[in-house]
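The C-terminal position of the sequence shown is numbered 240 in the UniProt record's numbering, with every residue numbered one higher than the one before it.
From the three backbone atoms N, C-alpha and C, an ideal C-beta is built for every residue, glycine too.
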Amino acid sequence: MKCTFDATSPVAVITVGGELDLAGTAILRAAVLKCLAAQPRAVLIDAERLTVAAEIHLTALAAAARHAAGWPSIPVLLCAPSAAIAAAAHRSGIDRLVIICASLADGHRRVAQRTLPSRVSKTYPPVPGSVVLARVLVTDACRTWRLPDTSTPAEIIVAELMANVVRHARTPGHLVVSHFARVLRLAVSDRSPEPARLVGRVGPEILSGRGLLLVDTLATRWGCTPTADGKVTWATLPAR
Numbered sequence: 001m002k003c004t005f006d007a008t009s010p011v012a013v014i015t016v017g018g019e020l021d022l023a024g025t026a027i028l029r030a031a032v033l034k035c036l037a038a039q040p041r042a043v044l045i046d047a048e049r050l051t052v053a054a055e056i057h058l059t060a061l062a063a064a065a066r067h068a069a070g071w072p073s074i075p076v077l078l079c080a081p082s083a084a085i086a087a088a089a090h091r092s093g094i095d096r097l098v099i100i101c102a103s104l105a106d107g108h109r110r111v112a113q114r115t116l117p118s119r120v121s122k123t124y125p126p127v128p129g130s131v132v133l134a135r136v137l138v139t140d141a142c143r144t145w146r147l148p149d150t151s152t153p154a155e156i157i158v159a160e161l162m163a164n165v166v167r168h169a170r171t172p173g174h175l176v177v178s179h180f181a182r183v184l185r186l187a188v189s190d191r192s193p194e195p196a197r198l199v200g201r202v203g204p205e206i207l208s209g210r211g212l213l214l215v216d217t218l219a220t221r222w223g224c225t226p227t228a229d230g231k232v233t234w235a236t237l238p239a240r
């Protein structure tokens with residue numbers, strides 16, 4: 001199976017061709033995760049030239065779509081599947097996790113018609129004061145979107161995510177805060193390939209130091225995904 005993708009466009013497109021077998025499922029899942037990490041408006045899988053060795057291999061799509069559920073404003077669309085693949089996707093329930101489209105053009109049309117998430121973003125230098133500024137950005141966003149109950153846990157989570165960048169990545173951190181479908185998503189990307197880890201003891205000026213265990217407690221879901229030039233650490237919360 002051949003798999004190419006462009007994760008830099010506003011709408012990420014993954015083109016697959018050949019036979020989807022056991023090895024190909026890992027390749028396809030990795031491509032979807034890398035595209036999700038770039039935080040596009042949507043991920044389109046062009047399956048016009050794809051065949052499937054066995055129906056069970058379609059579970060790669062289901063696994064990728066379940067992961068995408070942690071990124072609630074990024075849908076995954078399967079475009080131009082053969083009649084056999086579309087039927088198999090329906091039998092296995094995969095069509096409840098991914099959007100089946102008649103063609104790649106149909107996929108782009110559906111994305112264009114979709115309501116966009118509310119979103120703010122900013123890049124911060126790797127200095128302690130950036131943790132405070134990131135909290136302020138989240139506070140202001142929650143106030144604008146009228147999410148009083150989400151504001152405090154979101155501030156705590158973003159402080160932990162940014163503190164990890166300051167303490168461990170030591171690169172600029174790009175924060176994206178988005179609100180869509182009753183979910184608030186926080187994502188901080190940096191240029192270090194090292195996975196996010198617990199923050200140790202830090203000075204009071206960082207207003208943090210409780211680590212990712214706190215993120216795990218407060219967030220509905222969270223994770224760390226490699227990107228082409230580093231990683232993105234993200235968390236989601238119910239928006240209320």
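Contact between Leu-78 and Ile-56 does not hold, since their C-beta atoms are separated by about 17 Å, which reaches or exceeds 8 Å. Restricting attention to alpha helix (DSSP H) runs no shorter than 4 residues, the region 3-39 encloses them at 22-37, ordered along the chain.
Around the C-beta of Arg-66, fewer than 16 other C-beta atoms lie within 10 Å, and the residue is accordingly described as exposed.
Taking a contact to require three or more Cβ pairs closer than 8 Å, the region 84-92 and the region 110-122 do not qualify as touching. Around the CB of Ala-187, 16 or more other CB atoms lie within 10 Å, so the residue is classed as buried. For Leu-161, same chain residues with a beta-carbon under 6 Å away, outside a window of 5 residues either side, are Val-188, Thr-233 in chain order. Assigned with DSSP and collapsed to three states, Arg-240 falls in coil, not helix or strand. Of all C-beta pairs linking the region 152-170 to the region 211-226, three or more are shorter than 8 Å, placing the two stretches in contact. Your pair Thr-236 and Arg-185 checks out as a contact, with CB atoms roughly 5 Å apart and the cut at 8 Å. Contact between Ala-54 and Val-16 is absent: CB atoms are separated by about 16 Å, not below the 8 Å threshold. With a cutoff of 8 Å on beta-carbon distance, Cys-35 and Ala-63 are scored as not near each other.
Judged by DSSP in its simplified three-state form, Arg-119 adopts strand. Nearest C-alpha to Val-131 among Lys-231, Ser-82, Gly-173: Gly-173. Judged by DSSP secondary structure, Pro-128 falls outside any alpha helix (DSSP H); it is assigned neither H nor E. Gly-223: member of the beta strand (DSSP E) spanning 221-227, first to last residue.
Rounded to the nearest angstrom, the Cβ distance from Asp-190 to Val-165 is 5 Å, consistent with a contact under 8 Å. Put simply, the backbone Cα of Ile-99 is about 20 Å away from that of Arg-182. In the structure shown, Thr-51 adopts extended strand secondary structure according to DSSP, grouped into three states. Rounded to whole angstroms, the gap between the alpha carbons of Pro-40 and Val-32 is 11 Å. In the three-state reduction of the DSSP assignment, Ser-103 falls in the coil class, being assigned neither a helical nor a strand state. Per DSSP, the unbroken alpha helix (DSSP H) holding Asp-149 starts and ends at 148-164.
When DSSP states are grouped into helix, strand and coil, Val-132 belongs to the helix group. Secondary structure at Leu-97: coil, using DSSP grouped into helix, strand and coil. For Ala-169, the closest C-alpha among the options Glu-194, Ser-103, Thr-59, Pro-238 is that of Glu-194. If you check the CB distance, Ala-60 and Ala-80 do not come in under 8 Å.
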